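The block underneath contains the structure these notes are about, expressed in structure tokens.
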Amino acid sequence: MSTTVLRRSKIVFILSLLFILSVLTAPSFADRGDPVVVVSHAVDGSAVHVTVKNNSRQHQVVDVFVDAVVGSSAVRGFTPVSVFPGATGTTVVGFSDVVESVDQAGIIDDGHPQ
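Going by the working numbering, the letters in the sequence shown line up with residues 6 to 119, in that order.
Put into structure tokens, the structure is as follows:
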């Protein structure tokens with residue numbers, strides 16, 4: 006056998022081994038569940054700060070919604086947020102008056118709240 010054939014076979018073997026190891030090892034990000042989840046929310050006057058976490062391996066752009074009581078009326082506000090893989094981001098949902106309480110904060114997925 007020539008040295009070229011031996012080198013190629015070693016390279017193929019090493020690449021195959023790396024591929025197998027990459028498939029068998031645990032991923033650093035969750036592959037199941039919702040790709041983006043709400044971690045927390047906080048009221049600040051007429052604004053609600055919503056923190057989200059991207060659990061996927063891809064950049065995500067999602068709509069965040071907040072169901073709140075503003076001026077004794079139940080209202081829903083929403084805003085888009087962009088989050089890189091594995092990152093946490095905070096966005097602000099603003100309202101026209103002081104927020105009295107927050108009933109729910111979540112992600113709108115395909116038009117349906119999660």
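Just so you know, even glycine gets a beta-carbon here, dropped at the ideal spot from N, CA and C.
Because the structure is a prediction, the values reported are computed rather than measured.
Sub-8 Å separation of residue i and residue j beta-carbons
i: Val71; j: Glu105; result: no
i: Ala52; j: Val97; result: yes
Element boundaries [beta strand (DSSP E), containing residue i]
i: His54; result: 52-59
i: Gln63; result: Run containing Gln63: none; DSSP gives neither H nor E here.
i: Ser106; result: 104-114
i: Gly99; result: 93-99
i: Gly82; result: 78-88
Cβ separation of residue i and residue j, assumed to be a contact under 8 Å, to the nearest whole Å
i: Ile113; j: Phe83; result: 6 Å
i: Val80; j: Phe100; result: 7 Å
i: Val43; j: Asn60; result: Actually they are not in contact, since the Cβ atoms of Val43 and Asn60 sit about 12 Å apart, beyond 8 Å.
i: Gly50; j: Val107; result: Contact flag wrong, Cβ pair sits at about 13 Å.
Candidates the options, of which the one nearest residue i by Cα
i: Asp39; options: Ala73, Leu26, Ser14, Gly91; result: Gly91
i: Ala110; options: Val57, Asp49, Ser14, Ile19; result: Val57
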